[in-house]
Structures are given as C-alpha cells and as structure tokens.
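Read top to bottom, the protein sequences are chains W and A. Number 1243 marks the last residue of the first sequence (our numbering); no jumps. Number 320 marks the last residue of the second sequence (our numbering); no jumps. All residues carry an ideal CB built from backbone N, CA and C; glycine is no exception. What follows is one structure encoded as structure tokens, with my remarks underneath.
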Amino acid sequence: MLKHRPQLKHLLNRVAWYFATFLVAVTINFFLPRLGDANPVDVVMAKASSNLDSKAAREKEESYLKEFGLVQVDGSGNIVRDGAGKPLRASLLSQFASYLGMSLKGDLGTSMLQHPKRVSDIIGSALPWTLALQLPTIIFGWVIGNLLGALAAYKRGVFDRAFYPLALFASAVPAFCFGILLVYVFGIRLEWFPAVGGYDDGMIPTLSWQFIQSASYYYVLPFLSVFLVVVGGQAIGMRSMCIYELGTDYVKYAKLLGIKESKILLYMFRNAMLPQLTGLALALGAMVGGALITEMIFSYPGLGMAILTAIQTSDYPVITGCTLLITICVLIANFSVDVLIGFLDPRIRAAEARST
Amino acid sequence: MKLAKGLFKNPGFVVGFVLFVGTLLIAALGPVLSKYDETTRVGLPYLPPSSEHLLGTDHMGMDMVAMLIAGLQSSLYVGFLAGVVATVLGTLIGVYGGYKGGWLDDFLTAATNLFLVIPTLIVLILLSSSLEEGRSLTLIALLIGCTTWTWSARAVRAQSASLRARDHVSLARINGYGTLEIVLLHILPYLLSYIFMVFILQTATGILSEAGISLLGLGPYDSVSLGKILNDAKTNEALGDGAWWAFMPAMVLVTLIAFSLYIINTAMEGVFNPRLRK
C-alpha cells in the first residue's frame, strides 16, 4: 500500500527516525549528568538535616531516596530493604526505566535545591519569558534581514558595499559580546534602560498595565542584542541565495524573453526563500535554548537563568528537565522542516518515490 | 599557488588574515613583552589603566594585560585543538562514508544526522556540569571537538560522494588501486581547500563554544581563558563598578578572532566557488 503513497511513506519514515533520535536524546540526557558521582540526596540532606536527630534524618533521607528514584520500591510503594534494614539501591538501569516512564508522562521530577518545587513548575514560570524575548526577535529579525539581504543582492553598488561588511560583522560578533556591550553602555553608563532583570524589583508578574510597562522597558536591551545578530545572519544568507539565483539560467532566459522585472524578481524570490524558510523553522525550534547566554547576561528571568542557577547549584533534575525540553523543541522543528520540505520540494518527493 | 594569489587579491581575506595573524602575534609575543604573569597579584582589585598596568587590574588584583595574553593563548589552544579533532573526525567519517558507501556509510550517516539535531551546547552543558573535577582546558577542547564534528562530516561526505563518480577516480579503481590509495591520492587532494575551510569554521566554533560555556560558569579550572575573564568580570560586578578594562578588551579579542576567521572563510568560499565571485 505504501508503495503507491510515497508521501505517507516519507512521513512514517521520518516519524520513526525522529522517535529513535528522541530516545537517544533522552538517554544522553539521563546518563551524562550521572557520569559524575554527585548524589542529589546528599545535597538536599546537607541542607535539610542540620536540625534533625539521626533517626528523623534517616527517615527523611529515605523519603528523598525514594522520591528521586534511587532505591528499589515494591509494588505497594514501600522501600525494599536488605537483611540489616538498609534500603536497597536501585540499579542505574532501573532508574533509567523509571526516568523514561516519567518523562513520557511529562513528569520531570522535583528540584533538589528549591526542594518541594516541581521542575515543571520552574520551567512553566521561566518559559513565557524566554518565548516573549525570542519569538518576536526571531520573526522580526528574519523578515527585516531577508528584505535587506534581497535588496543588497538586487541593488549591488554602494548600498551593498556599505551593507555587506556591516551585516557580516553583525552576524560574526558573538551575541554575548554584543549583550555585555549593551548592558554596559546603555544600562550602566548612560542609564537609559535597566541593565539587568525582567521587571522592576518588588513587582509580581501579573497582566496589569503597570507591569507590562515595566517589563517592556526591561525588554529593549535583550531584544536588541539578539535582533541585530539575527538580522545580520539572515541578510547574509538571503543575499548570497539571491546572487546565486540571479546567475541561473532561468533568470537569464526570462530576461531574454522580456518578462517584466518585477515578475522575474518574484520567481527568484520564491526560489531563494525555501532555504530561508527552513532556517526560520530551525531558528524557532532552537529558540527555547538559543538565548541561554543572552538571558544570563541580562539576568532575564527565562529558561537560561533557570539553567544557570541550576548549574551553579548542581540541581540536576532542573538541568536535565530544561535540556530535555530544549532538545524536544529542536527535534520538533527539524521534524516539521523535514516533512514540509518533503511535501514542498518536488526533487525530494521524486527521490523518495524512486527509492521505493 | 595560483589560488593563494587569488586569495590575497580578495580584500576580505586580507583583512581577516591580517587580523588573525595579529591575534596570533599577541599570543606568541605577549609573554616576552608583558612584565607580569597571570598568577601574581600586582595591586588592588580593579585598578584603572595606568602606565604601570596598561589595562588595569582584575577583581583579584592581577595585571589585566597578562590575564588577556594567557586567556588569548588558552582560547586559541582550545580553538585549534577542537578544530583539529572535529575536522579530523568529520573528514574521516565523511570521506569514508562518501567514497565507500555500504552499510557502514548508512550507519555513519544516521549517527551524524542524529547528533546533528541534538543541540551541541546542551550536550556540552550536561557533560561539563557532570565533570565537576578535572575539567581541564584540554578536556574541554576535546569535548567541543567531539560534539561539533557533525556538520563537517555531512559537508565532507557530500563532497566526496560527488568525487566518487569522477572519471579519474573510476580510472584509478579500474587500474586496481586500493581504497586507501584512491582516497589519499585521488580524493583528498581535491577536498583539501574545502577541508581547510571546514577547519577554519570549526576553530571559530571551538573558540566561541569555550567562551559560551565558560560564561555559564562551566569553564576550565586550570587556566585563564577569554570566556573565563568575561565570566569573572560579570560575577564580580565589573560592569556595575564601571571597570570596563576588566571585560571590554577580552570581548574585543573574542570578536576579532571570530570575525577574522569568519571573513577568511567567506572570502575563501567566494574564491573557490566561482559562482559567487561575480
């Protein structure tokens, strides 16, 4: 049946492939942080046990061991013990199995440092900030960068000669250098904008007018620091795509036929856009993890800050929760691009049909 | 030779080349020219620039010029080592897969694509945060090299797969040359300029990745690097104190290296790929 439906086959093929990739990513996410010998329970206990006697401390430790899935648990939820009453440690493999089960259910566990807090709650309160910072930046940057790039390729001359080195520089400057520079010049020296944070101290995030005003004031610098880099990168890509298209036979032929300039441009633009669209989808997928360092520089209350705090305090459940989320977003974006390109690009469709 | 001449006629390449050689010279000659080293305290924290300390002191009272030179050396070292590891891995996997084909190629391509979509920075963060002890500069460079090779493998594979069908390669095969000889004599020479470009980009990636993870506080424990200087400045309030000398020069250096490598690569692409030359 699949033989006659190359598109369905393509889709199923991709689904299987990305599911395998997801499993590998989850495996990496589980095993890498456990390479070191840091035991989360020791960390929590160091904090929690200071004013407890030894019996209470042991009970507490055992409840933590159970919570982080480090001991074997029988069917009714009791800890399995050896002859001397000590809890039996769960093997790494069975820990992995329970981790897999929990992740598939969307349960990311509990934070070690902010203890009773769920990792999903921490992510939930950080994610909107990251999205608010990244989504408009990427979309505006993408649109403006592509327009400028196409313009530079089409006009050439003075505009291109001034624009190209600037765009090259903007895309080559590491985003974090740009961020630090903005913080220092506009935040600290000139005091035009607040240097760090996402909103005024003492405010509680709500949807009030006052809060939005404060937040948008804090928004300017982080926005700029990502925006210019995106514009530069997109413009360079679009410029070279357009220059390439300008030299192709179909454009020359169309010119010889005397087709209107604007119509040729439209054809050209459509062809040059395909890789740029792919770039947009991938950028949107990388969005969640893309601003880690920018957020850290601006102490912006997003996912980047959450990861940074977690790294500084070795809060593994939070680190792996965030990294898992970032990886999943990247995978989803790649998957969508793969599937869409498979449907949009006739060459790939033909290749898929041939290989059947 | 003709190619080299063509390169030096390209203004972008010349600018990039001069900038990059400049940073290399600073790293090489720095220790001779600087009076201090990066491990001794020479004064109070955050002393402003003076004739004694051209770029002032850092939060510990070390001479900033000495710190920058040491940091530049480490960053270049990380970049080169990571670049070599990533390029060698990528080239081996790419050339073998592209030329040989077969089940091993299928496997390698699948592995490459798999690691291509798993975000590198995330793997680096996970690895570095679990290696609390023993996170040396060399180890970080190796980690970066081992996580960033994927796109060069994919690029090299595509190139060598297209060479496979060329007449001179088929001729060599008919004449009974072995795989190793064909790859060394008839495939690699055609890929050299390409591999060199890959190496340049991988080096830039290595330097930027190190700076990134050092900024997150996951830098090497055993040396000063440009990213670590930035992280120290950030965590010790250099920005709030207005101590621009503690971070601005390091930023300029990172930007210069990245920018110079980047325009060298872009210029080489323009020279080697005549379609973009017009």
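Closer than 8 Å by C-beta to residue 319 (chain A): which residues in its own chain qualify, once you throw out the five before and the five after it? Chain order, please.
-> Note on residue 319 (chain A): pLDDT 46, under 50, position unreliable in the model; no value is reported.
By how many angstroms is the C-alpha of residue 1050 (chain W) removed from the C-alpha of residue 1020 (chain W)?
-> 26 Å
What residues from the stretch 265-284 of chain A come within 8 Å of chain W, judged by C-beta to C-beta, listed N to C?
-> 272, 276, 281, 282, 284
Return helix, strand or coil for residue 1165 (chain W), following the three-state DSSP convention.
-> helix
Indicate the three-state DSSP secondary structure (helix, strand or coil) for residue 81 (chain A) in the structure shown.
-> coil
What are the residues of the stretch 152-170 of chain A that lie near chain W, defined by any Cβ-Cβ distance shorter than 9 Å?
-> 152, 155, 156, 157, 158, 159, 160, 161, 163, 164, 165, 167, 168, 169, 170
Does the beta carbon of residue 913 (chain W) come closer than 8 Å to any beta carbon on chain A?
-> no
So which residues of chain W does residue 259 (chain A) contact, with C-beta pairs closer than 8 Å?
-> 1195, 1198, 1199
What runs of the alpha helix (DSSP H), each 4 residues or longer, lie entirely inside the stretch 251-299 of chain A?
-> 268-277
DSSP puts residue 1005 (chain W) in a beta bridge; with which residues?
-> W:997
Sheet register partners of residue 105 (chain A) (DSSP bridge) = A:99
Start and end of the alpha helix (DSSP H) containing residue 1048 (chain W)?
-> 1044-1059
Give the interface partners of residue 286 (chain A) over in chain W, defined as CB-CB distance under 9 Å, in chain order.
-> 1071, 1076
In chain order, which continuous runs of the alpha helix (DSSP H) of length 4 or greater are located wholly inside the stretch 1068-1127 of chain W?
-> none
Provide the residue span of the alpha helix (DSSP H) that contains residue 1185 (chain W), from first to last.
-> No alpha helix (DSSP H) holds residue 1185 (chain W); DSSP gives it neither H nor E.
Cutoff 8 Å: residue 1173 (chain W) Cβ touching any chain A Cβ = yes
Spatial neighbours of residue 1076 (chain W) in its chain, beta-carbon cut-off 7 Å, leaving aside the 5 residues before and after = none
Contact set between the stretch 227-253 of chain A and chain W, restricted to residues whose Cβ is under 7 Å from the partner | 250, 253
What's the gap between the Cα of residue 910 (chain W) and the Cα of residue 1136 (chain W)?
-> 45 Å
May I have a chain-ordered list of the alpha helix (DSSP H) segments no shorter than 4 residues that lie completely inside the stretch 98-180 of chain A?
-> 106-142, 144-159, 162-172
Mind checking which residues open and close the alpha helix (DSSP H) that includes residue 986 (chain W)?
-> 979-991
Chain W partners of residue 296 (chain A), CB-CB under 8 Å?
-> 1061, 1064
Taking residue 248 (chain A) as the reference, give the member of A:307, A:228, A:286, A:184 with the closest Cα.
-> A:184
Would you identify the three-state DSSP class for residue 47 (chain A), choosing helix, strand or coil?
-> helix
Buried or exposed: residue 102 (chain A), going by 16 or more other Cβ atoms within 10 Å of its Cβ?
-> exposed
Can you list the residues of chain W that residue 102 (chain A) reaches, using a CB-CB cut of under 7 Å?
-> The contacting residues do not exist; residue 102 (chain A) stays about 20 Å from chain W at best.
Euclidean distance between Cα positions of residue 1183 (chain W) and residue 1214 (chain W) | 19 Å
Under the rule that 16 or more other beta-carbon atoms within 10 Å means buried, what is residue 1227 (chain W), buried or exposed?
-> exposed
Could you work out which residues of chain A lie near residue 1210 (chain W), taking near to mean beta carbons separated by less than 9 Å?
-> 161, 164, 165, 167, 168
Compare the Cα-Cα distances from residue 1115 (chain W) to each of W:1058, W:1197, W:1168, W:1216 and report the closest residue.
-> W:1058
Own chain, CB closer than 8 Å to residue 1003 (chain W), minus 5 neighbours either side, in chain order = 997
Hey, is residue 1243 (chain W)'s beta-carbon within less than 8 Å of any beta-carbon in chain A?
-> Its pLDDT being 46, under 50, residue 1243 (chain W) is placed unreliably by the model, and nothing is read from it.
Using a beta-carbon distance below 8 Å, is residue 308 (chain A) in contact with chain W?
-> yes
Flag this pair as yes or no: are the beta carbons of residue 225 (chain A) and residue 130 (chain A) separated by less than 8 Å?
-> no
Cβ contact (3+ pairs, closer than 8 Å) linking the stretch 152-162 of chain A and the stretch 205-223 of chain A = no
Could you tell me whether the Cβ of residue 320 (chain A) comes closer than 8 Å to any Cβ of chain W?
-> Low confidence applies to residue 320 (chain A): its pLDDT is 43, below 50, so where it sits in the model is not reliable, and the reading given next is rough at best. So, interface residue.
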